[in-house]
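For the record, in the sequence shown the residue sitting at position 47 is 52 according to the numbering used here, with numbers rising by one throughout.
In this text, a Cβ means the ideal position worked out from N, Cα and C, and glycines have one as well.
Below: one structure, written as C-alpha cells.
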Amino acid sequence: MKMSRESSSPFRRALLVGVLYGAIGCLWVIGSDQLAAALFKNPELYSPVQTYMGWGFVLVSSLLLFYVVYQLLLEQRESESLNEEQANAIRELGQFQESVIDNATVWINVFAADGKALIWNKAAEHISGYARQDVIGHSRIWRQLFPDRTFHDQLIKKAADTLNMGEQVSEVEAPIVTRNGEKRLMSWSGRRLYDAHGKVAGIIVIALDVTDRRNAEADARGRERQLKTLMGNIPGMAYRCLFDESWTMKFVSEGCREITGYEPDELIENNVVSFLDLIEPDDNDKNTRTVENAIAEAEPFAIEYAITRRDGKRIWVWEKGRGVDVDGELMLEGIIFDITERKALEQELSRMATHDALTGLLNRRELEARLESEVRRARRYRRPVALLWIDVDHFKSVNDRFGHAKGDDVLRRISDLLQSSVRAVDIAARYGGEEFVVVLPERDLEEASETAERLRSLVAEQDIEVAEGESINLSVSIGVAVYPLHGDNWQTLCSVADKAMYAAKSAGRNQVCLPQSAGDSW
6 MKMSRESSSP
16 FRRALLVGVL
26 YGAIGCLWVI
36 GSDQLAAALF
46 KNPELYSPVQ
56 TYMGWGFVLV
66 SSLLLFYVVY
76 QLLLEQRESE
86 SLNEEQANAI
96 RELGQFQESV
106 IDNATVWINV
116 FAADGKALIW
126 NKAAEHISGY
136 ARQDVIGHSR
146 IWRQLFPDRT
156 FHDQLIKKAA
166 DTLNMGEQVS
176 EVEAPIVTRN
186 GEKRLMSWSG
196 RRLYDAHGKV
206 AGIIVIALDV
216 TDRRNAEADA
226 RGRERQLKTL
236 MGNIPGMAYR
246 CLFDESWTMK
256 FVSEGCREIT
266 GYEPDELIEN
276 NVVSFLDLIE
286 PDDNDKNTRT
296 VENAIAEAEP
306 FAIEYAITRR
316 DGKRIWVWEK
326 GRGVDVDGEL
336 MLEGIIFDIT
346 ERKALEQELS
356 RMATHDALTG
366 LLNRRELEAR
376 LESEVRRARR
386 YRRPVALLWI
396 DVDHFKSVND
406 RFGHAKGDDV
416 LRRISDLLQS
426 SVRAVDIAAR
436 YGGEEFVVVL
446 PERDLEEASE
456 TAERLRSLVA
466 EQDIEVAEGE
476 SINLSVSIGV
486 AVYPLHGDNW
496 QTLCSVADKA
506 MYAAKSAGRN
516 QVCLPQSAGD
526 SW
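The following block contains the structure:
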C-alpha cells in the first residue's frame, strides 16, 4: 500500500538509521576478519561460525535499532501534533477571553495574590477612567480607586480572606473614585482563581455600576416621602380603589381617619369594612351611574353624597377622581373632602332663600312658586286647591304697647300654631308683616271653610305671654278662595282671598269670609 510522504517520514528516517547501522556493522565484521588474518598470519584460528555470529549480531541489532528509532519518531510526531492542538486551543481561548471578557458590559478584572492587575477589561477602563496599559502589572490602582485609607485597608483584608480562606464576595456595594474625581457606587462580586495545577493564582472580580440605579431609588424614596407628607397633611382622604361593587380600596391616605373614623388598613382590601358600607344605597346607585358615564367619556367625575362614620355620625363628602389604567386593570384615583359644614351652610342659605327669617315659614317668593305649581297640578288632574289669607287683628297695638321685639315673638307664636295645625301636604307661609297664607291642596270650598274656622278658633283661644305675668289674646281675619271656583290662576286666587280677608275685617274681625261671587267652574 502506498503511503503519503507525511505518514512515511518516521519510517524512512528509522529505516535509514537501521541501514546505516547495518552497513557499519558489515564493514566491522569484514574488517575484523581481515585484521585477524593479518595479525596472526593464520586465518584458520577463526572459524566461519564466528563470522556468521557477527553477521547475525549486526542484522539483529540493526532491526532492533530500526524499531526503537521508529517508535521514538512516532512518539515525537504525536507529541508535536498534541502541542500544536494545545497551541490552537490556547489561541482560541485567548480569542474567547478577548471577545467575551473584554467586550462585556460589566467590570471584569483579575489580580494576582500580590495585588497586581492581570486582566482589566474595557468596561473597567470606561467606568474607572484608567487605561489598561496604566493598570496591568501594577497594584497601585487600588490605592487610586479607594483613596480613603481605612476603607482601602478593609478591602485589602477582604481580598486576603478571599485568597486565603476562599471566602466569596457577593454583591458588596462599595464606592470608587474615578480618574476624574467622580464617585461611582459599585456592586462587587469576587472569588478565588486557580491555575492549571489547582493552585490559587489570584482573584477574579466582577462589578456592576449601580450609581444611577441607587440615585433613582433614592429619588423615588424622596418622592414617596414627599407624597406621604403631602397626603398626610391634605384635609381629606386620597385613595386608589377598584371599580367594583364594594369600591375596594387599594390605597388610602392618613386622612381617612378624620373622614371615616377608620384606620387605613381597616379600609384597604375591605379588611374591616368596605367603603360601600359607609354610603347610603340610593347615593351609591347615583354615584355608580355618574362614575360609569365619566369613564365612558374618559373624563374626571365629581360627586357629593353622605356617608356614615364609624361613630355613627352622618357627614357629607365631596369626591373628585377619574378612571386610570394600572397594570391593565381599571382603577379609580381621587380625593374625598368633608363638606358637612359647607353643606349645612348651603342648606341654610337655601332655606333662607325660601323661608321667612323671622317665623321659619315659607317666604312670599317661595309661596308664589309653590302656589303656581299647585294650580298647574290641580288643572292637570282636575282637582281643587284652596287658599286661606290670614291677617292678625290689631297687631299694630301689640308693637306700640310692648315693642317690636315682643311683636316678633307674637308672630313666631302664631306661625308655629298655624304650621302645627295643618297637614304635611299643606303649605304655610308668611306673606309679609302680620299676613299669613295657607295653601290647601285638593280641598274644596266647604273643606277650606272648615279649616279656616278651626284655625281662627285656635288663635282666639291662645293666651300669648308678652311680659312676665301678662298675657294677651289675639284674633285673626281669614279670607277664602278656591280654584277653579274663584279663579283659574294663582294671581286671581290671591286677589280674591285678600279681598275676602278685608271683608272679614270690615265685618268686625275675628271671622272667616268667603268671596261674594264665584268665578268660572269646571
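Taking all protein chains shown into account, do 16 or more other C-beta atoms lie within 10 angstroms of the C-beta of residue i, making it buried, or fewer, making it exposed?
{"i": "SER258", "result": "buried"}
{"i": "ILE181", "result": "buried"}
{"i": "GLY492", "result": "buried"}
{"i": "THR265", "result": "buried"}
{"i": "GLY448", "result": "Before going on, a small fix: residue 448 reads as Arg here, not Gly. ARG448 should be labelled buried."}
{"i": "LEU445", "result": "buried"}
{"i": "LEU460", "result": "buried"}
{"i": "ARG425", "result": "What sits at residue 425 in the sequence shown is Ser, not Arg. Exposed: under 16 other Cβ atoms inside 10 Å."}
{"i": "GLU439", "result": "buried"}
{"i": "VAL277", "result": "exposed"}
{"i": "GLU130", "result": "buried"}
{"i": "ALA453", "result": "buried"}
{"i": "GLU187", "result": "exposed"}
{"i": "GLU222", "result": "exposed"}
{"i": "VAL331", "result": "exposed"}
{"i": "ALA457", "result": "buried"}
{"i": "TYR72", "result": "exposed"}
{"i": "TYR267", "result": "buried"}
{"i": "GLY437", "result": "exposed"}
{"i": "GLY512", "result": "It is worth fixing the name first, because residue 512 is Ala in this sequence and not Gly. It is exposed - the Cβ of ALA512 has fewer than 16 other Cβ atoms within 10 Å."}
{"i": "ASN220", "result": "exposed"}
{"i": "MET170", "result": "exposed"}
{"i": "GLY195", "result": "buried"}
{"i": "GLY333", "result": "exposed"}
{"i": "ILE29", "result": "exposed"}
{"i": "MET242", "result": "buried"}
{"i": "GLU80", "result": "exposed"}
For a quick check, are the C-beta atoms of residue i and residue j less than 9 Å apart?
{"i": "LEU335", "j": "ILE300", "result": "yes"}
{"i": "PHE256", "j": "ILE273", "result": "yes"}
{"i": "ASP398", "j": "LYS510", "result": "yes"}
{"i": "ILE208", "j": "ALA179", "result": "no"}
{"i": "GLU244", "j": "GLY134", "result": "According to the sequence provided, residue 244 is Tyr. The question's Glu does not apply to it. The answer is no: Cβ separation not under 9 Å."}
{"i": "VAL380", "j": "VAL415", "result": "no"}
{"i": "ALA465", "j": "ASN515", "result": "yes"}
{"i": "ALA311", "j": "ILE284", "result": "yes"}
{"i": "TRP193", "j": "VAL210", "result": "yes"}
{"i": "LEU168", "j": "MET191", "result": "no"}
{"i": "LEU350", "j": "VAL296", "result": "no"}
{"i": "ARG418", "j": "ILE483", "result": "no"}
{"i": "THR155", "j": "ARG189", "result": "no"}
If you reduce the DSSP assignment to three classes, tell me which class residue i lands in.
{"i": "ALA362", "result": "coil"}
{"i": "ALA433", "result": "strand"}
{"i": "ASP396", "result": "strand"}
{"i": "LEU40", "result": "Only weak support exists for where LEU40 lies, its pLDDT of 49 falling under 50; the coordinates are left without a value."}
{"i": "ASP287", "result": "helix"}
{"i": "ILE239", "result": "coil"}
{"i": "PRO152", "result": "coil"}
{"i": "ILE132", "result": "helix"}
{"i": "PHE45", "result": "Only weak support exists for where PHE45 lies, its pLDDT of 46 falling under 50; the value from the coordinates is given anyway. In this structure, PHE45 counts as helix in the three-state DSSP scheme."}
{"i": "LEU21", "result": "helix"}
{"i": "THR497", "result": "helix"}
{"i": "THR313", "result": "strand"}
{"i": "GLU80", "result": "helix"}
{"i": "ALA117", "result": "strand"}
{"i": "GLY326", "result": "strand"}
{"i": "TYR386", "result": "helix"}
{"i": "ASP577", "result": "With the chain running from 6 to 527 in the structure shown, residue 577 is simply not present."}
{"i": "GLU297", "result": "helix"}
{"i": "ARG184", "result": "coil"}
{"i": "GLY339", "result": "strand"}
{"i": "TYR199", "result": "strand"}
{"i": "TRP193", "result": "strand"}
{"i": "TYR244", "result": "strand"}
{"i": "ALA165", "result": "helix"}
Pop quiz: residue i and residue j are said to be a contact at Cβ under 8 Å. What is the actual Cβ separation, rounded to whole angstroms?
{"i": "VAL322", "j": "ASP343", "result": "6 Å"}
{"i": "LYS127", "j": "ASP107", "result": "6 Å"}
{"i": "TYR488", "j": "VAL390", "result": "5 Å"}
{"i": "VAL442", "j": "LEU393", "result": "7 Å"}
{"i": "LEU363", "j": "ASP413", "result": "6 Å"}
{"i": "ILE132", "j": "ILE124", "result": "So it is not a contact: roughly 15 Å between Cβ atoms."}
{"i": "VAL481", "j": "ASP361", "result": "Not confirmed; about 17 Å, so no contact."}
{"i": "GLN496", "j": "LEU422", "result": "Between LEU422 and GLN496 the Cβ distance is about 28 Å, and since that is not below 8 Å, they are no contact."}
{"i": "ARG435", "j": "ASN368", "result": "7 Å"}
{"i": "HIS143", "j": "PHE151", "result": "Contact doesn't hold; Cβ gap of about 15 Å is too wide."}
> Unbroken beta strand (DSSP E) runs of length 3 or more, entirely within the stretch 459–503: which are they?
Replying inline: Residue ranges of uninterrupted beta strand (DSSP E) with 3 or more members, entirely inside the stretch 459–503 and ordered along the chain, are 469–472, 475–477, 481–488.
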